[in-house]
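Read left to right, the sequence shown gives residues 3 to 76 (the working numbering).
Glycine is no exception: its CB is placed at the ideal position from the N, C-alpha and C atoms.
Here the structure is a predicted model, which is why all the values come from computation and not from measurement.
What follows is one structure encoded as structure tokens, with my remarks underneath.
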Amino acid sequence: MERFEKWLVISNTAVLVSFLGLLLTVMLAYPLADALALPVQIAAHMGTLLFAVGVKIAYVARLAFLSKLGRPVH
């Protein structure tokens, strides 16, 4: 059980980091795009896709560890 608690903390952190990265890359890719060079815009668009996938994977992991711990899964 203690092992699942550790992974729950890791997955919660991964959701937060991925979400913040997603917000940053969306800001860079769209409202701030005019101020950035083309390679940075391309990287921001790619980052948007990668961080979105990160949010989804980390959230599914979070739900799995909550389930293993017998806690309510929302």
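Give a single yes or no on whether residue i has its beta carbon closer than 7 Å to a heavy atom of the ligand COA.
{"i": "residue 38", "result": "This structure simply doesn't include the ligand COA, nor any ligand for that matter."}
Nearest to residue i by alpha carbon, out of the options?
{"i": "residue 59", "options": "34, 12 and 28", "result": "12"}
{"i": "residue 48", "options": "31, 37, 39 and 14", "result": "31"}
{"i": "residue 27", "options": "44, 16, 75 and 17", "result": "44"}
{"i": "residue 61", "options": "51, 75, 34 and 33", "result": "75"}
Provide the residue span of the alpha helix (DSSP H) that contains residue i, from first to last.
{"i": "residue 62", "result": "40-70"}
{"i": "residue 73", "result": "Unbroken run through residue 73: none, as it is neither H nor E."}
{"i": "residue 16", "result": "4-31"}
(Q) Between the region 16-24 and the region 34-42, can you find at least three pairs of beta-carbon atoms closer than 8 Å? (A) no
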